[in-house]
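Novice: This is the structure, below, for whatever I ask next.
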Amino acid sequence: MWPASTIRMLSPTIAFILVSFSLGELGDGLNIFQGIYLVTLGWNEGAVGTALSLMGLTALIVQTFAGDIIDKTAIDRRKFLSVASIATALSASMIFFVQPGNNQHGLIFVSKIIEGVSSSFIG
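Heads up: the sequence shown begins at 120 in this note's numbering, then just goes up one per residue.
Written as structure tokens, this is what we have:
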């Protein structure tokens with residue numbers, strides 16, 4: 120392995136860009152598999168499309184306000200990124216609470232709205 124003195128650390132800006140890009144790609148890529156999983160549990164394609172559209176629509180509406188909040192606040196941006204990352208992970212894991220044949224779509228709809236809001240704060 121390399122000595123610790125030869126390993127250069129990434130600048131905070133580059134690290135932030137890499138994390139934001141990775142989380143954005145994870146969210147978009149994960150939606151495809153979540154949709155397929157929900158269809159195999161018995162959801163119809165319309166309900167899956169509605170859930171995924173809720174996330175995109177929420178992100179579109181909230182993104183301008185999230186950028187304004189981040190620009191005007193004195194709170195460190197890394198805290199926003201941390202909270203948004205945790206919210207995204209928790210809301211994405213809500214899919215494990217959906218039972219086969221369950222027609223109650225509220226849990227996934229709310230979790231997709233939370234993902235949309237948190238993705239607006241990520242990047």
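Backbone N, C-alpha and C fix where the C-beta goes; we use that ideal spot for every residue, glycine too. Just so you know, these numbers come straight off a predicted model, no measurement behind them.
In the DSSP assignment, the alpha helix (DSSP H) including Q182 goes from what residue to what residue?
Specialist: Position 63 of the sequence shown, counted from the first residue, corresponds to residue 182. Run containing Q182: 164-191, per the alpha helix (DSSP H) assignment.
Novice: Would you call the stretch 171-187 in contact with the stretch 213-220, where contact means no fewer than 3 C-beta pairs closer than 8 angstroms?
Specialist: As far as the Cβ criterion goes, the stretch 171-187 does not touch the stretch 213-220, which means the pair count is below three.
Novice: Exposed or buried, which one is Q153 when buried takes at least 16 other CB atoms within 10 Å?
Specialist: As a position in the sequence shown, residue 153 is number 34, starting the count at 1. Buried.
Novice: Measuring straight from C-alpha to C-alpha, what distance separates W162 and S237?
Specialist: Indexing the sequence shown from 1 puts residue 162 at position 43. Indexing the sequence shown from 1 puts residue 237 at position 118. Going by the C-alpha atoms only, they are around 25 angstroms apart.
Novice: Note down the Cα distance separating F215 from L160, rounded to an integer number of angstroms.
Specialist: What you label residue 215 is simply residue 96 of the sequence shown in a count that begins at 1. What you label residue 160 is simply residue 41 of the sequence shown in a count that begins at 1. Each residue's alpha carbon lies about 11 angstroms from the other.
Novice: Taking Cβ to Cβ, would you say A211 is nearer than 8 angstroms to I241?
Specialist: By one-based count along the sequence shown, residue 211 stands at place 92. By one-based count along the sequence shown, residue 241 stands at place 122. Not in contact: A211 and I241 (Cβ atoms no closer than 8 angstroms).
Novice: Using only CA atoms, which one of E234, I227, G235, A208 lies nearest to L157?
Specialist: Here residue 157 refers to the residue found at position 38 when the sequence shown is read from its first residue. That would be I227, whose Cα lies nearest to the Cα of L157.
Novice: For V202, report the span of its alpha helix (DSSP H) as first-last.
Specialist: As a working mapping, residue 202 is identified with position 83 in the sequence shown. Taken as a continuous stretch (DSSP letters only), the alpha helix (DSSP H) holding V202 covers 196-211.
Novice: Between the beta-carbon of V181 and the beta-carbon of S230, is there less than 8 angstroms?
Specialist: Taking the first residue of the sequence shown as 1, we reach residue 181 at position 62. Taking the first residue of the sequence shown as 1, we reach residue 230 at position 111. Taking 8 angstroms as the Cβ cut-off, V181 and S230 do not qualify as a contacting pair.
Novice: Rounded to the nearest angstrom, how far is the Cβ of G235 from that of A178, given a contact under 8 angstroms?
Specialist: The count along the sequence shown starts at 1 and reaches residue 235 at position 116. The count along the sequence shown starts at 1 and reaches residue 178 at position 59. At roughly 4 angstroms, the Cβ-Cβ gap stays under 8 angstroms, so G235 and A178 are in contact.
Novice: Residues in the same chain with beta-carbon distance under 6 angstroms from T207, minus the five sequence neighbours each way, listed in chain order, please.
Specialist: Taking the sequence shown and counting its residues from 1, the one referred to as residue 207 is at position 88. So the list reads E234, S237, once near-sequence residues are dropped.
Novice: Run through DSSP, which three-state label would T125 get?
Specialist: By 1-based counting over the sequence shown, the position of residue 125 is 6. Only weak support exists for where T125 lies, its pLDDT of 48 falling under 50; the value from the coordinates is given anyway. In the structure shown, T125 sits in coil (DSSP, three-state: anything other than H, G, I, E or B).
Novice: What's the C-alpha gap between L137 and N150?
Specialist: On the sequence shown, position 18 is the one that residue 137 refers to. On the sequence shown, position 31 is the one that residue 150 refers to. Distance between the alpha carbons of L137 and N150: 20 angstroms.
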